[in-house]
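I have placed the structure first, in the form of structure tokens, so that the comments after it can refer back to it.
Residue numbers (our numbering), protein chains in the order written: chain A, 1 to 159; chain B, 160 to 331.
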């Protein structure tokens, strides 16, 4: 069966993309950006009942340099935007962003002078999670969507 | 009984303050929440605070809060802005409320920081959200909003989305 038979047992062949993406998809390191009630649901998603560890994304890191998945959970106001942008910029490539909840996705109920109307006005967003706040299951699905996206990456050139 | 005696103490305090200030003070009376309230002329505010802090039996030594009200929609009540000082006595737990009214154009009043150090940030907040200036304040900057923000959001004529609203994505 293919080239493995030449080398005997202990060898398999695959593409580098598949191996690297397999590693990335099961070891997402999220950085939490929890600013409101969505942050509480994010914590619930990490805890035992929902257990984000089942998707390999339980290792929360509070340094952006160690992370590749930003979960923006909560209202972002205009005064906070430079901070959010800077933390996003500090993350190393490849990186993904989840906008969790109505506030992060589109400003939520706060149609006011103070609140940013969706974080996609300052950073690119991969997955939007509807809800106010979304249940932990919704966040789990968002992580699965991110995993699907990771699978489409290539090591040579990030699309 | 004790409650009644306490009320008398506060009423006496304010009565003394009123006779001290003369024309510059209104009648002191308890509002619906039971806190005695006195309205004074803006020019007499520092004197009132000093008087309540130092000279009276109540010794109102703590500034609990300093805030403002915009009465734009109720012109019949008097001048547009009202600055409210809430004082508390840490000894007897008596409370008293001092108010003063300011006009619509360039409202300003003397800073209470000379009497209560803790007024500094409270006055910055009132400046930030109501645009009332405090003369003699050591560092009157915005405290919540960013520096180049335009307007004062708690004024009743402030548009909810601000003076420079962000463009919204058109419906598709």
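Heads up, the beta-carbon is just placed ideally off N, CA and C, and yes, glycines get one too.
Chain B has a Cβ within less than 9 Å of the Cβ of residue 112 of chain A. Within the same chain, 21 and 25 come within 8 Å of residue 151 of chain A by CB-CB distance, once the 5 residues on both sides are set aside. Nearest C-alpha to residue 230 of chain B among B:219, B:203, B:322 and B:242: B:242. When rounded, the separation of the alpha-carbon atoms in residue 86 of chain A and residue 263 of chain B is 41 Å.
Check the Cα spacing between residue 153 of chain A and each of A:110, A:95 and A:62: the tightest is with A:95.
Contact annotation for residue 305 of chain B against chain A: 78 and 79 [CB-CB distance below 8 Å, chain order]. Shortest Cα-Cα distance from residue 130 of chain A to any of A:117, A:107 and A:100 involves A:100. Listed in chain order, the positions of the region 309-326 of chain B with a beta carbon within less than 7 Å of a beta carbon of chain A are 312, 319, 320, 321 and 325. Beta-bridge pairing by DSSP links residue 195 of chain B to B:189 and B:255. Counting only runs that start and end inside the region 56-127 of chain A, the beta strand (DSSP E) elements of at least 3 residues fall at 69-73 and 96-100. The beta-carbon distance between residue 257 of chain B and residue 194 of chain B, rounded to whole angstroms, is 11 Å. This is too long to meet the 8 Å contact definition. Around the beta carbon of residue 70 of chain A, 16 or more other beta carbons sit within 10 angstroms, so the residue counts as buried. The distance from the Cβ of residue 149 of chain A to that of residue 126 of chain A is about 6 Å, consistent with a contact at the 8 Å cut-off. The region 203-220 of chain B and the region 179-189 of chain B touch, with no fewer than 3 CB-CB distances between them shorter than 8 Å. Scanning its chain for C-beta atoms nearer than 8 Å, with the 5 sequence neighbours on each side dropped, one finds around residue 65 of chain A the residues 90, 91 and 92, in chain order. In the structure shown, the three-state DSSP call for residue 236 of chain B is helix. With distances taken between CA atoms, residue 107 of chain A lies nearest to A:35 out of A:35, A:40, A:50 and A:43.
Bounds of any alpha helix (DSSP H) do not take in residue 317 of chain B, whose DSSP letter is neither H nor E. Scanning its chain for C-beta atoms nearer than 6 Å, with the 5 sequence neighbours on each side dropped, one finds around residue 290 of chain B the residues 311, in chain order. Residue environment for residue 132 of chain A: exposed (fewer than 16 other C-beta atoms within 10 angstroms of its C-beta). Cβ neighbours of residue 210 of chain B within its own chain (closer than 7 Å, five residues either side excluded): 176 and 179.
For residue 29 of chain A, DSSP assigns no beta-bridge partner whatsoever. If you check the CB distance, residue 111 of chain A and residue 319 of chain B come in under 9 Å. Around the Cβ of residue 235 of chain B, a 10 Å sphere holds fewer than 16 other Cβ atoms; the residue is exposed. In the displayed model, residue 267 of chain B falls within a strand according to three-state DSSP.
A direct Cα-Cα distance of roughly 16 Å separates residue 52 of chain A from residue 97 of chain A.
Residue 239 of chain B is positioned such that its CB atom lies no closer than 9 Å to that of residue 201 of chain B. Residue 287 of chain B and residue 280 of chain B have their C-alpha atoms roughly 10 Å apart.
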